[in-house]
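J.: There's a structure below that I have some questions on.
2 protein chains.
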Amino acid sequence: MLLALDETRFRVNIARSFVLYNERMSNRTTPKGARTRADILHTAVDIASVEGLDGLSIGRLASELGMSKSGLFAHFGSKESLQLAAIEEARLRYVKEVIEPALSSPLGITQLYALCTAFLSYIERSVFVGGCFFASAMAEFDAKGPSLVRDRIVECQEQWMMTLERAAEGARANGEFRVDSDSRQLAFELEGALLTANWYFHLFHDATNIDRARRAVRTRLSREATQVGLDLLPLEPQDS
Amino acid sequence: MLLALDETRFRVNIARSFVLYNERMSNRTTPKGARTRADILHTAVDIASVEGLDGLSIGRLASELGMSKSGLFAHFGSKESLQLAAIEEARLRYVKEVIEPALSSPLGITQLYALCTAFLSYIERSVFVGGCFFASAMAEFDAKGPSLVRDRIVECQEQWMMTLERAAEGARANGEFRVDSDSRQLAFELEGALLTANWYFHLFHDATNIDRARRAVRTRLSREATQVGLDLLPLEPQDS
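Note that the protein sequences, when read in sequence, are chains A and B. First residue of the first sequence? That's 1 in the working numbering, and the numbers climb one at a time after it. First residue of the second sequence? That's 1001 in the working numbering, and the numbers climb one at a time after it.
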């Protein structure tokens, strides 16, 4: 029954963006069961951020939590349901830590800059133990065959790109970017700096890579901006 | 005995760069054994490029090749040795497909551009079934604890960054880049475009992302270049 409700929840979410759908759904389980489920998923996403979603077996999670496999099956029913629930939990954490702080800035260059710096802050603060959950999930599933898990990862990544793109479109509409600005190209290039910061920060254990990405973002936005946009760009990185 | 020789081979390679060490080592096994080993590794790197290096168990590989586990153990001795051998095989393929074609261009802006376009061509041609082997390996091991496998991945990634950086330094020394050009920053930003092309090409099944990266590389190099450099930059992407 719980599983059936959760499956519906995922179907509904698929059509919604990070921005439109950024609140936790009302809880349909008992208070005690809900806390347990939340605790389980908190641990699950951190395991997945280090070892990958395919490393997130019910057996592995049961061992980490000191729970029985049958107890976890009662919550999730299958490895795939557990993986989908972990993605949803990660998405809510991402919205809270990256999207929501940036949405307090007005649509346009300041919001785009805020999205990028919020992402870099989220990496630096190790919101997920193993770095960006979605970067890891994308790298793990990019070349794999079709599955519900892969579909959901694709949607999340596309929603993030659309969030960047919408802010860039806003900047163009406001006259903060040049009229010939290509919002998707800009989002692609910004994402390149952000992703590389994520990988290299962890791979080389070197925070210089976060600074490199901040510098890349700032320079790239400056290059796209009109004088109106340049005047709105903060003089110093927000998170340094 | 075979294992011992291979371990020595890895130790020697660690101190060498992609550029200095780009030839296959002479074969120390029998011709028949060597062919078998090469076939095994060819399959192993393609499995790892899709399913990750940790998905490359001796059992998984035995099943794929229709070989016995004991036969594979005779070749590699352990999962870790198999993983290290797969990395070495992948490195040689990378050198052949990306580094060597670009080294025919003189050190400087043309070589840097050639390295980037050779990488994008290598992604587009699916030299590894699952996309760039090293991008996948980096994403898989970036947040994991220390191991010989992780160490080797870090070294390979750093060698690639140094290859880009050296070409950029050459461009500055030749007067093709501005005197205040930051070679490591430039390499970081170029790598961002290349990595994102790799992920998005596979994740979204969309070759537009390769074109976006070509455009990003070209614009970024143009921005770093003096008039001397601009005159050397090919008018059209080499691989489009």
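Heads up, the beta-carbon is just placed ideally off N, CA and C, and yes, glycines get one too. Note that the structure is predicted; figures quoted are calculated from it, not measured.
1) Go ahead and label R1091 (chain B) buried or exposed: buried means 16 or more other beta carbons lie within 10 angstroms of its beta carbon, across all protein chains shown.
2) Do three or more CB pairs link the region 139-156 of chain A to the region 60-75 of chain A at distances below 8 Å?
3) Any Cβ of chain B within less than 8 Å of the Cβ of L233 (chain A)?
4) If we count Cβ pairs, one from each stretch, closer than 8 Å, do we get three or more for the region 155-171 of chain A versus the region 75-85 of chain A?
5) Determine, using beta carbons only, whether V1217 (chain B) and A1193 (chain B) come nearer to each other than 8 Å.
6) Which residues share a DSSP beta bridge with A225 (chain A)?
7) Use the C-beta contact count for V95 (chain A): other C-beta atoms within 10 angstroms, 16 or more gives buried, fewer gives exposed.
8) Can you find the residues in the same chain that come closer than 7 Å, C-beta to C-beta, to N198 (chain A), ignoring five residues on each side of it along the sequence?
9) The region 1211-1230 of chain B: which residues have C-beta closer than 9 Å to a C-beta of chain A, in chain order?
10) Could you check what DSSP says for F1119 (chain B) in three-state terms: helix, strand or coil?
11) If L1195 (chain B) and T196 (chain A) are in contact, beta carbons under 8 Å, what's the gap, nearest whole angstrom?
12) Quick check on DSSP: helix, strand or coil for A1216 (chain B)?
13) Using 8 Å as the limit for Cβ to Cβ distance, is H1042 (chain B) near chain A?
14) Assign H1042 (chain B) to one of two classes, buried (16 or more other C-beta atoms within 10 Å of its C-beta) or exposed (fewer than that).
15) For D1206 (chain B), would you say it is in contact with chain A, using Cβ-to-Cβ distances shorter than 8 Å as the test?
16) Going by alpha carbons, who is nearest to L107 (chain A) out of A:D54, A:R150, A:G175 and A:S126?
17) Could you compute how far the alpha carbon of V98 (chain A) sits from the alpha carbon of V127 (chain A)?
18) Under the rule that 16 or more other beta-carbon atoms within 10 Å means buried, what is A1102 (chain B), buried or exposed?
19) Under the rule that 16 or more other beta-carbon atoms within 10 Å means buried, what is A1173 (chain B), buried or exposed?
20) What residue does the alpha helix (DSSP H) around F204 (chain A) start on, and which one ends it?
21) Can a CB atom of chain A be found closer than 8 Å to the CB of V1149 (chain B)?
22) At a Cβ threshold of 8 Å, is Q1159 (chain B) touching chain A?
23) For G1059 (chain B), return the contacting residues in chain A, with the cut-off set at a CB-CB distance below 8 Å.
24) For H202 (chain A), does the count of other Cβ atoms within 10 angstroms reach 16, so buried, or fall short, so exposed?
25) Using a Cβ-Cβ cut-off of 8 Å, state whether E23 (chain A) counts as contacting chain B.
26) Round the Cβ separation of K1069 (chain B) and I1058 (chain B) to the nearest angstrom and send it over; I've been treating them as touching at under 8 Å.
27) Tell me the rounded alpha-carbon separation between A1213 (chain B) and R220 (chain A).
28) For the alpha helix (DSSP H) containing A1143 (chain B), list its first residue and its last residue.
29) Which residues in the same chain as L1230 (chain B) place their Cβ atom closer than 7 Å to its Cβ, once the five residues preceding and following it in sequence are excluded?
30) What separation, rounded to the nearest whole angstrom, lies between the Cα atoms of Y21 (chain A) and E224 (chain A)?
T.: So, to answer that:
1) Counting C-beta atoms within 10 angstroms of its own C-beta, R1091 (chain B) has 16 or more neighbours from the protein chains shown and is therefore classed as buried.
2) No, the region 139-156 of chain A does not touch the region 60-75 of chain A.
3) By this cut-off, L233 (chain A) is not an interface position.
4) The region 155-171 of chain A is not in contact with the region 75-85 of chain A.
5) Yes, Cβ-Cβ distance for V1217 (chain B) and A1193 (chain B) is below 8 Å.
6) For A225 (chain A), DSSP records a beta bridge to A:F177.
7) Classified as buried, V95 (chain A) has 16 or more neighbouring CB atoms from the shown chains inside 10 Å of its CB.
8) Counting only residues of its own chain and dropping the five nearest sequence neighbours on each side, N198 (chain A) has a CB closer than 7 Å to the CB of I123, G131, C132 and A135.
9) Within the region 1211-1230 of chain B, the qualifying residues are R1212, A1213, R1215, A1216, T1219, R1220 and R1223.
10) F1119 (chain B) sits in a helix when the DSSP states are folded into three classes.
11) Contact holds; Cβ gap of about 6 Å.
12) DSSP places A1216 (chain B) within a helical segment (H, G or I) once states are collapsed to three.
13) No, because no Cβ of chain A sits closer than 8 Å to the Cβ of H1042 (chain B).
14) Classification of H1042 (chain B): exposed, given that the 10 Å Cβ count is below 16.
15) No, no contact with chain A.
16) When only C-alpha atoms are compared, the closest one is A:G175.
17) One C-alpha to the other measures close to 10 Å.
18) With 16 or more Cβ atoms within 10 Å of its Cβ, A1102 (chain B) is classed as buried.
19) So A1173 (chain B) counts as exposed.
20) That residue, F204 (chain A), is in no alpha helix (DSSP H); it is neither H nor E in DSSP.
21) Chain A, which has no Cβ nearer than 8 Å to the Cβ of V1149 (chain B), makes this no.
22) Answer no: the Cβ-Cβ gap between Q1159 (chain B) and chain A never drops below 8 Å.
23) The contacting residues do not exist; G1059 (chain B) stays about 16 Å from chain A at best.
24) Around the beta carbon of H202 (chain A), 16 or more other beta carbons lie within 10 angstroms, which makes this residue buried.
25) With a pLDDT of 38 at E23 (chain A), under the threshold of 50, the predicted position of this residue should be treated as unreliable, and no value is reported.
26) Rounded to whole angstroms, the Cβ separation of K1069 (chain B) and I1058 (chain B) is 6 Å, and the two are in contact under 8 Å.
27) Approximately 14 Å, taken between the alpha carbons.
28) Note, A1143 (chain B): premise wrong, no alpha helix (DSSP H); not H, not E.
29) Residues of the same chain with a CB within less than 7 Å of the CB of L1230 (chain B), apart from the 5 flanking positions on each side, are S1222 in chain order.
30) With a pLDDT of 37 at Y21 (chain A), under the threshold of 50, the predicted position of this residue should be treated as unreliable, though the coordinate-derived value follows. For Y21 (chain A) and E224 (chain A), the gap between their C-alpha atoms comes out near 29 Å.
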